[in-house]
Amino acid sequence: MNEQEQTKIMRIVFADDEQPAREKLNQQLSLIPNIEVVGFATTGKEAITLINDEQPDLVLLDIQMPEINGMDLLSLLTHKPMVIFTTAYDQYAIAAFEQASTDYLLKPFPLARLKSAIDKAYTAFLQKEALQVHSEPVKSPQQPIERLISKSGERMVILSPDDIFYIKSDQGNSFAFNGDKQHFLNETLDQLELSLGSSQYVRIHRSYLVNIDKIKEIQRWFNGKLMVIMTDEDKSELSTSRTGADKLKQVLGL
Numbered sequence: 002m003n004e005q006e007q008t009k010i011m012r013i014v015f016a017d018d019e020q021p022a023r024e025k026l027n028q029q030l031s032l033i034p035n036i037e038v039v040g041f042a043t044t045g046k047e048a049i050t051l052i053n054d055e056q057p058d059l060v061l062l063d064i065q066m067p068e069i070n071g072m073d074l075l076s077l078l079t080h081k082p083m084v085i086f087t088t089a090y091d092q093y094a095i096a097a098f099e100q101a102s103t104d105y106l107l108k109p110f111p112l113a114r115l116k117s118a119i120d121k122a123y124t125a126f127l128q129k130e131a132l133q134v135h136s137e138p139v140k141s142p143q144q145p146i147e148r149l150i151s152k153s154g155e156r157m158v159i160l161s162p163d164d165i166f167y168i169k170s171d172q173g174n175s176f177a178f179n180g181d182k183q184h185f186l187n188e189t190l191d192q193l194e195l196s197l198g199s200s201q202y203v204r205i206h207r208s209y210l211v212n213i214d215k216i217k218e219i220q221r222w223f224n225g226k227l228m229v230i231m232t233d234e235d236k237s238e239l240s241t242s243r244t245g246a247d248k249l250k251q252v253l254g255l
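Throughout, the working numbering is defined as the position within the sequence shown, counted from one, plus 1.
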């Protein structure tokens with residue numbers, strides 16, 4: 002990994018139902034550069050929610066877990082990250098590679114073996130990032146838009162960005178929330194982030210774009226994240242990612 006590559010951080014989630022294994026893996030991962038652990042899960046169901054919510058680049062996944070095993074939960078994910086399977090049972094190796102996993106670690110594995118698997122995933126991560134950079138059109142600076150249009154059948158609703166509390170992405174669809182109503186938007190969250198500008202709207206999570214003028218309160222959350230409470234009647238609570246927390250604190254001068 003050269004110095005330029007080290008500027009890119011690969012986001013990781015891991016799942017294991019055994020606490021000693023989680024603690025050891027977390028300690029090992031803390032010794033590997035260019036990665037960020039954004040969460041862990043203790044059951045298959047927790048893993049599905051965490052992976053779909055955080056959308057990590059890589060998941061280290063124990064195969065035998067309560068509720069749903071590591072093999073079966075992959076088909077239930079809406080976000081498809083790279084996967085490294087971890088298990089104490091070698092009979093799963095063939096099935097793991099049939100799932101197109103990046104690697105397969107047999108417990109207990111030393112730090113050097115883990116690092117080798119992470120390095121392989123990191124190389125694939127950098128290649129994917131490079132392809133996205135070359136395939137995306139160059140984004141030129143633009144003035145923040147003054148209105149958004151929500152279309153529903155023959156009806157169009159004109160929305161002022163000042164009146165929107167936050168915009169949420171749900172399975173590829175974008176919804177703007179202004180008060181007690183939500184409005185479907187044709188644009189993706191990436192497009193809206195660019196067009197709305199960074200002075201008023203901040204991407205606190207891959208699924209949330211928030212109007213900082215509509216924030217009522219910010220609370221410290223776990224794993225370096227924040228809980229953002231909005232000023233709408235429901236006092237909506239939106240959890241940031243760790244990257245989103247850093248971005249929000251920077252914008253607000255915290």
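By construction, the Cβ of each residue, glycine as well, lies at the ideal position given by its N, Cα and C atoms.
Check: Does DSSP classify Leu132 as helix, strand or coil?
Finding: It is helical.
Notebook entry, point to check: Are Ile49 and Leu74 closer than 7 Å when you measure CB to CB?
Noted result: For the 7 Å CB-CB criterion, Ile49 and Leu74 form a contact.
Next item on the list: Run through the segment 132-220 for me and flag every whole beta strand (DSSP E) of 3 or more residues, listed as ranges in chain order.
Entry: Entirely contained in the segment 132-220, the beta strand (DSSP E) runs reaching 3 residues are, in chain order, 149-153, 156-160, 167-171, 174-179, 182-186, 202-206, 209-212.
Notebook entry, point to check: Would you report the Cα separation of Arg23 and Leu149, rounded to the nearest angstrom?
Noted result: Near 45 Å, if we compare the C-alpha coordinates of Leu149 and Arg23.
Next item on the list: For the beta strand (DSSP E) containing Glu238, list its first residue and its last residue.
Entry: Element bounds for Glu238: 238-240.
Checklist line | Beta-carbon contacts of Leu115 that lie in its chain and below 6 Å, excluding the five residues immediately before and after | finding: Excluding positions up to five away in sequence, the list reads Gln29.
Notebook entry, point to check: Going by Cα to Cα distance, which pick from Val14, Arg156, Val252 is closest to Ser200?
Noted result: For Ser200, the nearest C-alpha among the options comes from Val252.
Next item on the list: Starting from Glu24, trace the alpha helix (DSSP H) both ways and give me its first and last residue.
Entry: First-last of the alpha helix (DSSP H) with Glu24: 20-30.
Next item on the list: Determine the contact status of Ile168 and Leu210, defining contact as a CB-CB distance below 7 Å.
Entry: Taking 7 Å as the Cβ cut-off, Ile168 and Leu210 qualify as a contacting pair.
Checklist line | Exposure of Lys140, with buried meaning 16 or more beta-carbon neighbours within 10 Å | finding: Because the pLDDT of Lys140 is 49, which lies under 50, any placement of that residue in the model is unreliable, and the number read from its coordinates should be weighed accordingly. Exposed, since its Cβ has fewer than 16 Cβ neighbours within 10 Å.
Notebook entry, point to check: For the putative contact between Lys9 and Leu127, defined by C-beta atoms under 8 Å, what is the C-beta separation to the nearest angstrom?
Noted result: In this structure Lys9 touches Leu127 by the C-beta definition: roughly 6 Å separates them, less than 8 Å.
Checklist line | Start and end residues, beta strand (DSSP E) containing Ile85 | finding: From DSSP, the beta strand (DSSP E) with Ile85 extends over 83-88.
Check: Pick from Leu78, Leu107, Leu195, Lys81: whose alpha carbon is nearest that of Tyr90?
Finding: The shortest C-alpha separation from Tyr90 is found at Leu107.
Notebook entry, point to check: beta strand (DSSP E) containing Leu62: first to last residue?
Noted result: Unbroken beta strand (DSSP E) run through Leu62: 59-63.
Item checked: Same chain only: Cβ atoms within 8 Å of Asp171, ignoring 5 sequence neighbours per side -> Only Ser208 meet the Cβ criterion.
Item checked: Pick from Met72, Leu32, Met11 that is closest to Asp17, judged by C-alpha positions -> Among Met72, Leu32, Met11, the Cα nearest to that of Asp17 is on Met72.
Notebook entry, point to check: Residues bridged to Ile230 by DSSP?
Noted result: When DSSP reads this structure, Ile230 sits in a beta bridge with Glu218, Glu238.
Checklist line | Rounded Cβ spacing between Arg204 and Glu194 (contact assumed at less than 8 Å) | finding: Rounded, the Cβ-Cβ distance is 5 Å, consistent with contact.
Next item on the list: Give the single residue among Thr44, Arg12, Phe178, Thr43 whose Cα lies nearest to the Cα of Ser31.
Entry: Ranking the options by Cα distance to Ser31, first place goes to Arg12.
Next item on the list: Consult DSSP for Asp120 and reduce its assignment to one of helix, strand or coil.
Entry: Three-state result, Asp120: helix.
Checklist line | Endpoints, alpha helix (DSSP H) assigned at Leu51 | finding: 45-55 is the extent of the alpha helix (DSSP H) around Leu51.
Check: Do Phe166 and Asp214 have their C-beta atoms within less than 7 Å of each other?
Finding: Here Phe166 is not near Asp214, since their CB atoms are 7 Å or more apart.
Next item on the list: Can you have a look at Met157 and say buried or exposed, based on whether 16 or more other CB atoms are within 10 angstroms of its CB?
Entry: So Met157 ends up on the exposed side.
Item checked: Nearest-angstrom Cα separation, counted from His80 out to Ser196 -> Whole-angstrom Cα-Cα distance: 25 Å.
Margin query: At the level of alpha carbons, what is the spacing between Ala246 and Phe178?
Written below: Approximately 21 Å between the Cα atoms of the pair.
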